[in-house]
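Mapping to UniProt numbering: the sequence shown position 283 is 283, numbers consecutive. We treat Cβ as the ideally placed atom computed from N, Cα and C, and that holds for glycine.
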Amino acid sequence: MVRPPARHLRGTIGVIGGGDYDVRPLTVTTYDSACLHMEHLGARFGFVVFDECHHLPGPSYKLAAQLCLAPFRLGLTATPERADGQHLLLDTLVGPTVYRKDISELAGEYLADYDVVHLEVDLTEEERAEHDAERALYLGFVAKNGIRLSSPRGFGDFIARSARSAEGRRAMRGYRRQRELAFAASAKLTQIEHLLDVHRDGRAIVFTQDNATAYRIARRFLLPAITHQTRVSERSEILAGLADGTFGAVVTSKVLNEGVDVREANVAIVLSGSGSVREHVQRLGRILRKSEGKRAVLYELVTSRTAETRTSERRREHDAYR
Numbered sequence: 001m002v003r004p005p006a007r008h009l010r011g012t013i014g015v016i017g018g019g020d021y022d023v024r025p026l027t028v029t030t031y032d033s034a035c036l037h038m039e040h041l042g043a044r045f046g047f048v049v050f051d052e053c054h055h056l057p058g059p060s061y062k063l064a065a066q067l068c069l070a071p072f073r074l075g076l077t078a079t080p081e082r083a084d085g086q087h088l089l090l091d092t093l094v095g096p097t098v099y100r101k102d103i104s105e106l107a108g109e110y111l112a113d114y115d116v117v118h119l120e121v122d123l124t125e126e127e128r129a130e131h132d133a134e135r136a137l138y139l140g141f142v143a144k145n146g147i148r149l150s151s152p153r154g155f156g157d158f159i160a161r162s163a164r165s166a167e168g169r170r171a172m173r174g175y176r177r178q179r180e181l182a183f184a185a186s187a188k189l190t191q192i193e194h195l196l197d198v199h200r201d202g203r204a205i206v207f208t209q210d211n212a213t214a215y216r217i218a219r220r221f222l223l224p225a226i227t228h229q230t231r232v233s234e235r236s237e238i239l240a241g242l243a244d245g246t247f248g249a250v251v252t253s254k255v256l257n258e259g260v261d262v263r264e265a266n267v268a269i270v271l272s273g274s275g276s277v278r279e280h281v282q283r284l285g286r287i288l289r290k291s292e293g294k295r296a297v298l299y300e301l302v303t304s305r306t307a308e309t310r311t312s313e314r315r316r317e318h319d320a321y322r
């Protein structure tokens, strides 16, 4: 996304990315394009701004900083922390933190006031029986093979070992199925129906962990869906429809986590997600654009007695979720 910022800046600016390669004293680019071209551009700029700089410590993206000679650097992000701990590299890649404000400190003055509502639901008897059986199968394989899921490489080890045998592949199916049951429990769908009715005069975004669940919700409630498979033009039309009231709600997986401005959105329903604090603060941020009289609300739907319980506890460690 390099063109929208260009439209909002006065004067002539350069663009690198999306088929363009036009270098000017003021140039906008993406992290992907910066990694490809910084070797040749690194000495041409004295000041570089890294937007959403939590991406910068990634294995390839950090080259955008390492190959750039600019002595003046500014990193911007609402969510610097990374689950892998690599945010500690930002001090080296960009510099020390010079200013920080949490969402809770900005609410009311610069951001909309908001509430976070935690809602727990139960699996049906049939769902519970299947969930527990599939989870036991998956965890049995993990224990049998001495895999420590709590270690940094634990889940990677599980993926590697599960591919080596029929037993392992069955364990992987068990892992996926118990997640599916927790992510899209029938009680969650009932809650979504209720919440959409309560906020029928609002503008809601329903967040899921994966595309399959997003499409299932879209079909069930006749909502437009936005995933990584959605064409850019269609995505723009859907977001415009949400803004002008054509659509009262949209459902998405991860593509709206950042980089999207829907000022009118005031309700977020988190059906499922990862334990990443950053992801959930970003989702909260989608509904916090301030407007007159606006009070936003984020609903977190969690299936009790599943892995989602611990996931929810981790995400609520952030000040914004308390």
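Residue i (DSSP reduced to helix, strand or coil)
i           : result
residue 138 : helix
residue 298 : strand
residue 17  : strand
residue 32  : helix
residue 281 : helix
residue 289 : strand
residue 98  : coil
residue 217 : helix
residue 262 : coil
residue 190 : helix
residue 197 : helix
residue 307 : helix
residue 64  : helix
Same chain only: Cβ atoms within 8 Å of residue i, ignoring 5 sequence neighbours per side
i           : result
residue 113 : 107, 294, 295 and 296
residue 62  : 56, 89 and 93
residue 119 : 191, 299, 300, 301 and 302
residue 218 : 224, 225 and 251
residue 155 : 149
C-alpha distance - residue i paired with residue j, whole-angstrom precision
i           : j           : result
residue 305 : residue 29  : 45 Å
residue 287 : residue 231 : 23 Å
residue 264 : residue 284 : 14 Å
residue 196 : residue 178 : 26 Å
residue 153 : residue 270 : 27 Å
residue 203 : residue 244 : 10 Å
residue 181 : residue 132 : 10 Å
residue 241 : residue 247 : 5 Å
residue 110 : residue 100 : 14 Å
residue 21  : residue 189 : 47 Å
residue 159 : residue 19  : 36 Å
Sequence-distant residues of the same chain with beta carbon closer than 7 Å to residue i, five excluded per side
i           : result
residue 226 : 235, 238, 250, 252, 255 and 256
Where the alpha helix (DSSP H) through residue i begins and ends
i           : result
residue 74  : Unbroken run through residue 74 is the beta strand (DSSP E), 72-76; no alpha helix (DSSP H).
residue 167 : 166-183
residue 158 : 154-162
residue 244 : 232-244
residue 91  : 90-93
residue 103 : 103-106
Own chain residues within Cβ distance below 6 Å of residue i, not counting five before or after
i           : result
residue 4   : In this predicted model, residue 4 has a pLDDT of only 48, less than 50, meaning its place in the structure is not dependable enough to derive any value.
residue 86  : 57
residue 68  : 38, 42 and 48
residue 221 : none
residue 51  : 76
residue 175 : 138
residue 312 : 302
residue 80  : 54 and 87
residue 60  : 35
residue 308 : 182 and 302
Boundaries of the beta strand (DSSP E) in which residue i is found, first to last residue
i           : result
residue 206 : 204-207
residue 252 : 249-252
residue 114 : 113-121
residue 51  : 47-51
Heavy atom of the ligand FMN within 7 Å of residue i beta-carbon
i           : result
residue 244 : The model depicted lacks the ligand FMN and carries no ligand whatsoever.
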